[in-house]
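Read top to bottom, the protein sequences are chains W and L. Everything in the first sequence is counted per this note's numbering, starting at 398 for the first residue and increasing by one. Everything in the second sequence is counted per this note's numbering, starting at 637 for the first residue and increasing by one. Every residue, glycine too, gets a C-beta built ideally from N, C-alpha and C. Comments concern the structure below.
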Amino acid sequence: MRALNFLALGLLFSIGLGISGMTQPGKVLAFLDVTGAWDPALMFVMGGAVAITFIGYRWVLRRPMPVLADAFQIPTRRDIDGRLILGALMFGVGWGMAGFCPGPALAALGSGSVEVMVFAGAMFAGFWLQKKVS
Amino acid sequence: MIEPGSIPAALVGGALIGTAAVLMLGLNGRILGVSGIASSAISPSSDGRLNNILFLAGMLIGGAVLTAALPASMPGAITENYGWLALAGLLVGFGTRLGGGCTSGHGVCGMSRLSPRSLIATLTFMAAGIVAVFLIRHVFAGTA
Numbered sequence: 398m399r400a401l402n403f404l405a406l407g408l409l410f411s412i413g414l415g416i417s418g419m420t421q422p423g424k425v426l427a428f429l430d431v432t433g434a435w436d437p438a439l440m441f442v443m444g445g446a447v448a449i450t451f452i453g454y455r456w457v458l459r460r461p462m463p464v465l466a467d468a469f470q471i472p473t474r475r476d477i478d479g480r481l482i483l484g485a486l487m488f489g490v491g492w493g494m495a496g497f498c499p500g501p502a503l504a505a506l507g508s509g510s511v512e513v514m515v516f517a518g519a520m521f522a523g524f525w526l527q528k529k530v531s
Numbered sequence: 637m638i639e640p641g642s643i644p645a646a647l648v649g650g651a652l653i654g655t656a657a658v659l660m661l662g663l664n665g666r667i668l669g670v671s672g673i674a675s676s677a678i679s680p681s682s683d684g685r686l687n688n689i690l691f692l693a694g695m696l697i698g699g700a701v702l703t704a705a706l707p708a709s710m711p712g713a714i715t716e717n718y719g720w721l722a723l724a725g726l727l728v729g730f731g732t733r734l735g736g737g738c739t740s741g742h743g744v745c746g747m748s749r750l751s752p753r754s755l756i757a758t759l760t761f762m763a764a765g766i767v768a769v770f771l772i773r774h775v776f777a778g779t780a
């Protein structure tokens with residue numbers, strides 16, 4: 398039964414992405430097009446999400462442990478390495494080409510669009526390939 | 637009906653995304669990073685694989701609900717050029733795993749933790765996206 402909370406969280410996250418505008422790649426590209434007809438609306442997605450998360454994380458981390466698990470698993474690395482920069486560069490170029498980052502692409506799969514399936518299929522191939530070569 | 641992607645909708649949607657991230661940490665002790673969740677869902681040896689698969693299933697159900705209830709939020713892709721979409725998807729998949737996160741893990745969760753890695757990653761992928769769109773639209777006038 399505990400596992401079902403993951404289903405509910407995926408649903409909530411996906412609905413949030415859809416309402417926010419992140420599942421509209423044309424809107425995402427207009428946000429990234431700062432020298433053209435720039436559409437700043439999606440800045441407010443990050444603003445709203447970070448505001449809630451910044452406050453909520455501090456509130457949650459006052460507890461000794463999570464409600465349904467034994468311990469908090471929080472990344473501890475602080476170093477900036479070449480993999481981080483190169484990976485973020487590659488991701489940004491792909492994002493600017495198609496207007497989809499991973500979350501919205503997976504939410505948009507629920508629409509049954511063949512073009513989104515092509516993008517998402519290649520994205521999963523990218524996950525697999527990166528694991529293979531590292 | 638709200639218009640998805642308008643400024644009020646962006647704030648509401650962002651707040652829902654943040655709420656999901658907070659609940660993921662509060663209930664399961666985990667960071668809500670979609671590229672990590674999705675890549676471990678296809679990895680047979682990963683811990684908590686069923687949880688990750690269920691999260692993805694929830695996302696797909698959410699997408700289907702949005703398609704029915706708020707069709708303007710689900711316009712599909714910007715092009716029918718499969719080669720272009722596949723190259724973009726490959727870069728997004730490979731890049732997010734190489735860099736250890738995407739817009740959710742680095743952008744929302746990492747920035748909220750004030751992680752220096754996530755701040756640098758977010759600034760880098762935002763800048764790369766802006767440069768890519770500039771080159772495609774204003775220099776080469778290509779697909780996007």
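Hey, does residue i have any beta-carbon neighbour from chain L nearer than 8 Å?
i, result
"lysine 528(W)", "yes"
"proline 472(W)", "yes"
"proline 461(W)", "no"
At 7 Å on the CB atoms, spell out the chain L contacts of residue i, in chain order.
i, result
"proline 422(W)", "Ala713 and Ile714"
Tell me which same chain residues have a C-beta within less than 6 Å of the C-beta of residue i, skipping the five on either side of it?
i, result
"serine 676(L)", "Ser682 and Asn688"
"aspartate 436(W)", "Ala427 and Phe428"
"alanine 708(L)", "Pro640"
"leucine 414(W)", "Thr420, Gly500, Pro501 and Ala504"
"glycine 746(L)", "Ser754"
Is the CB of residue i under 8 Å away from at least one CB in chain W?
i, result
"proline 640(L)", "yes"
"serine 681(L)", "no"
"valine 728(L)", "yes"
"phenylalanine 761(L)", "yes"
"valine 775(L)", "no"
Please compile the residues from chain W whose C-beta is within a distance smaller than 7 Å of the C-beta of residue i.
i, result
"phenylalanine 770(L)", "Thr432"
Please list, in chain order, all residues of the same chain as residue i whose beta carbon is under 7 Å from its beta carbon, the five residues on each side excluded.
i, result
"methionine 514(W)", "Leu506"
"serine 813(L)", "Coverage of chain L is limited to positions 637 through 780, which leaves residue 813(L) absent and any answer about it impossible."
| query | In the region 474-487 of chain W, which residues sit with their C-beta less than 8 Å from some C-beta in chain L, listed in chain order? | reply | Arg474, Arg475, Asp476, Ile477, Arg480, Leu481, Ile482, Leu483, Gly484, Ala485, Leu486 and Met487
| said: Short of 7 Å Cβ to Cβ, which residues in the region 645-665 of chain L face chain W? | reply: Ala645, Ala646, Leu647, Val648, Gly649, Gly650, Ala651, Leu652, Ile653, Gly654, Thr655, Ala656, Ala657, Val658, Leu659, Met660, Leu661, Gly662, Leu663, Asn664 and Gly665
| Between the region 684-703 of chain L and chain W, which residues of the former have a C-beta closer than 8 Å to a C-beta of the latter? | Leu686, Asn687, Asn688, Leu690, Phe691, Leu692, Ala693, Gly694, Met695, Leu696, Ile697, Gly698, Gly699, Ala700, Val701, Leu702 and Thr703
| said: Would the region 751-771 of chain L count as touching the region 664-673 of chain L if we require 3 or more Cβ pairs under 8 Å? | reply: no
| message | Does the contact criterion of 3 or more C-beta pairs under 8 Å hold for the region 723-737 of chain L versus the region 496-507 of chain W? | response | yes
| message | For the region 466-475 of chain W against the region 651-666 of chain L, do three or more pairs of beta-carbon atoms, one drawn from each stretch, fall closer than 8 Å, so that the two count as touching? | response | yes
| task | May I ask you to verify whether the region 509-525 of chain W touches the region 714-725 of chain L, counting CB pairs closer than 8 Å and requiring at least 3? | result | yes
| query | Is it true that the region 470-484 of chain W meets the region 403-414 of chain W, where meeting means three or more beta-carbon pairs spaced less than 8 Å apart? | reply | no
| Three or more beta-carbon pairs under 8 Å between the region 643-660 of chain L and the region 433-449 of chain W, yes or no? | yes
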